[in-house]
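Numbering (this note's numbering), first residue to last: 12 to 581.
Report on the structure given below.
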Ligand SMILES: [Zn+2]
């Protein structure tokens with residue numbers, strides 16, 4: 012018995028040590044990054060957000076109504092995320108006022124419930140608040156709403172869009188130009204929400220922005236209401252009907268002017284509207300021609316634009332760009348390439364405006380299909396980076412597209428796995444979710460070896476997972492099942508290791524021997540070689556041979572479209 016106890020203590024300590032030393036993640040990371048017990052019982056139906064920025068003091072005042080459906084009975088504690096230094100003042104759940112007035116020092120939230128029932132206090136833990144909704148929220152299937160009032164000085168973005176927060180800028184004429192970048196840091200940097208990618212508001216969202224009446228406010232979707240407040244301010248209410256990622260909901264405030272067009276797309280008339288600073292109007296009318304070019308190419312490859320009801324928009328932004336759904340942020344300086352540079356090093360990247368193409372590509376991969384966990388962000392960035400290839404191919408031909416994606420290999424780092432740990436709000440740090448994932452997709456396309464099927468798969472993904480959140484496994488399984496080729500080892504290799512598979516080969520007389528090395532066990536990527544024409548080999552980790560005789564010529568090459576290494580051995 013004693014031995015058993017000692018044994019157990021030993022393993023318990025071992026477990027604790029392993030957990031502590033191998034996992035640099037905190038409880039706060041888990042609260043934020045996982046669908047925990049205070050989140051999984053309620054499904055967000057809608058966000059209605061109102062904010063009033065104070066431009067001089069760089070503060071905001073706001074309220075957010077979260078409509079939700081209870082998914083379980085007898086759950087009442089709700090996790091709401093709002094990042095310091097913003098402060099929740101009070102909350103109203105259906106008819107009950109929840110506020111912190113009783114215990115503001117300890118940052119406790121207290122439910123004020125009728126007469127004879129004692130108040131229930133709940134604490135703030137880092138950037139999460141646990142609100143107790145009392146006994147009311149017990150019925151699975153019922154819908155409720157909670158309105159949260161908050162204020163404060165939100166985190167200011169230092170280098171948007173890479174680090175997030177409020178962007179308080181001035182335009183070239185020294186007039187206020189304000190927006191938010193929140194991907195990565197999370198939407199809770201400026202409004203209270205369930206800051207988790209796996210739960211999008213099924214019925215969309217509205218954003219009402221109150222600004223000095225000399226400025227215009229733009230946001231996602233359509234302008235549904237404006238109001239003059241007779242105090243020198245004006246309110247603009249914008250609304251999306253489709254589900255939307257929290258981080259995509261973004262206000263833009265400035266001296267905007269609109270122009271637009273109707274695009275005849277696969278699902279009929281699509282409004283394409285452009286909101287730019289007044290002095291950019293003429294430049295925009297030229298540069299934004301890439302928007303309809305993009306739409307044409309991407310509807311061809313990916314299927315209908317996923318948000319016809321909410322329309323497509325490009326909005327001048329005080330930072331480089333961001334895929335803010337139906338209000339894409341544009342800040343590429345009205346230049347082709349990526350702020351005048353070709354990230355593909357192939358020359359083709361200078362033929363189009365990178366930000367218009369890339370950020371709009373996210374409307375399909377990122378906004379239509381969203382990863383539940385940010386560890387799976389390659390689904391957004393890999394496919395969207397590949398959309399640049401597909402755009403290039405659509406207008407300049409297949410070899411141009413190949414040059415483009417192959418050129419991007421120079422940007423691959425292979426220092427960290429593309430997929431990061433799940434459940435801890437950990438997104439990939441380096442660029443491999445872009446360029447390496449795009450090259451993996453390109454490699455898979457070679458194996459499918461049937462462009463019309465490949466296109467059907469891209470369109471099928473957007474149809475099957477329309478307005479949904481997904482896991483990597485769902486994407487892997489879909490591609491394997493539709494292509495009837497099991498790509499699981501290929502996904503493992505590129506997404507879950509940093510090894511570039513290497514084809515070792517030797518030539519002995521007329522005999523070519525080859526095998527895979529530097530790969531996951533069971534790696535089985537078929538390979539196209541050019542040897543007196545096209546020929547396929549199916550290397551494994553064991554040596555195999557191919558008789559080059561009677562062709563007599565031992566010169567062969569491996570198709571450049573496969574992202575692999577080769578090594579000749581003796
Ligand atoms: Zn992107």
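Where is the CB? At the ideal position from N, CA and C, for every residue including glycine.
Since the structure is predicted, the reported quantities are computational estimates derived from the model, not experimental observations.
CA-to-CA distance, residue j to residue i, given in whole angstroms
| i | j | result |
| --- | --- | --- |
| residue 364 | residue 392 | 17 Å |
| residue 69 | residue 179 | 7 Å |
| residue 390 | residue 212 | 20 Å |
| residue 373 | residue 50 | 27 Å |
| residue 556 | residue 523 | 5 Å |
| residue 130 | residue 98 | At residue 130, the pLDDT of 40 sits below 50, so the modelled position is not reliable; the number obtained from the coordinates is stated separately. Cα to Cα, residue 130 sits roughly 21 Å from residue 98. |
| residue 353 | residue 554 | 40 Å |
| residue 540 | residue 464 | 21 Å |
| residue 574 | residue 313 | 23 Å |
| residue 6 | residue 282 | Because the chain spans 12 through 581 in this model, residue 6 falls outside it and cannot be assessed. |
| residue 2 | residue 90 | No statement about residue 2 is possible, as the shown extent of the chain runs from 12 to 581 and does not include it. |
| residue 284 | residue 361 | 24 Å |
| residue 207 | residue 151 | 21 Å |
| residue 346 | residue 302 | 14 Å |
| residue 350 | residue 358 | 14 Å |
| residue 568 | residue 428 | 29 Å |
| residue 535 | residue 496 | 11 Å |
| residue 582 | residue 315 | The structure shown does not extend to residue 582, since the chain spans only 12 to 581, so no value can be given for it. |
| residue 228 | residue 66 | 13 Å |
| residue 406 | residue 572 | 19 Å |
| residue 231 | residue 216 | 9 Å |
| residue 333 | residue 173 | 10 Å |
| residue 473 | residue 506 | 21 Å |
| residue 61 | residue 71 | 10 Å |
| residue 82 | residue 40 | 24 Å |
| residue 570 | residue 253 | 42 Å |
| residue 186 | residue 58 | 30 Å |
Cβ separation of residue i and residue j, assumed to be a contact under 8 Å, to the nearest whole Å
| i | j | result |
| --- | --- | --- |
| residue 220 | residue 264 | 7 Å |
| residue 96 | residue 164 | 6 Å |
| residue 527 | residue 487 | Their Cβ separation, rounded to whole angstroms, is 20 Å, which puts residue 527 and residue 487 out of contact at 8 Å. |
| residue 412 | residue 400 | 5 Å |
| residue 305 | residue 199 | Not really, about 31 Å apart at Cβ, beyond 8 Å. |
| residue 378 | residue 421 | Not confirmed; about 28 Å, so no contact. |
| residue 93 | residue 161 | 6 Å |
| residue 247 | residue 193 | No, residue 247 and residue 193 are not in contact; Cβ-Cβ is about 19 Å, not under 8 Å. |
As assigned by DSSP and simplified to three states, the class of residue i
| i | result |
| --- | --- |
| residue 388 | coil |
| residue 297 | helix |
| residue 179 | strand |
| residue 506 | helix |
| residue 328 | coil |
| residue 82 | coil |
| residue 359 | helix |
| residue 53 | strand |
| residue 143 | strand |
| residue 277 | coil |
| residue 461 | coil |
| residue 270 | strand |
| residue 63 | strand |
| residue 472 | helix |
| residue 515 | strand |
| residue 151 | coil |
| residue 162 | strand |
| residue 455 | helix |
| residue 312 | helix |
| residue 376 | strand |
| residue 99 | strand |
| residue 200 | helix |
| residue 496 | coil |
| residue 367 | helix |
| residue 336 | coil |
| residue 431 | coil |
| residue 442 | helix |
heavy atom of ligand 1 below 6 Å from residue i C-beta
| i | result |
| --- | --- |
| residue 395 | yes |
| residue 320 | no |
| residue 272 | no |
| residue 392 | yes |
Residue i Cβ short of 6 Å to ligand 3 heavy atom set
| i | result |
| --- | --- |
| residue 400 | Ligand 3 is not part of this structure, which contains only ligand 1. |
Segments assigned beta strand (DSSP E), at least 3 residues, entirely inside the stretch 220-258: 227-229, 233-239, 244-251
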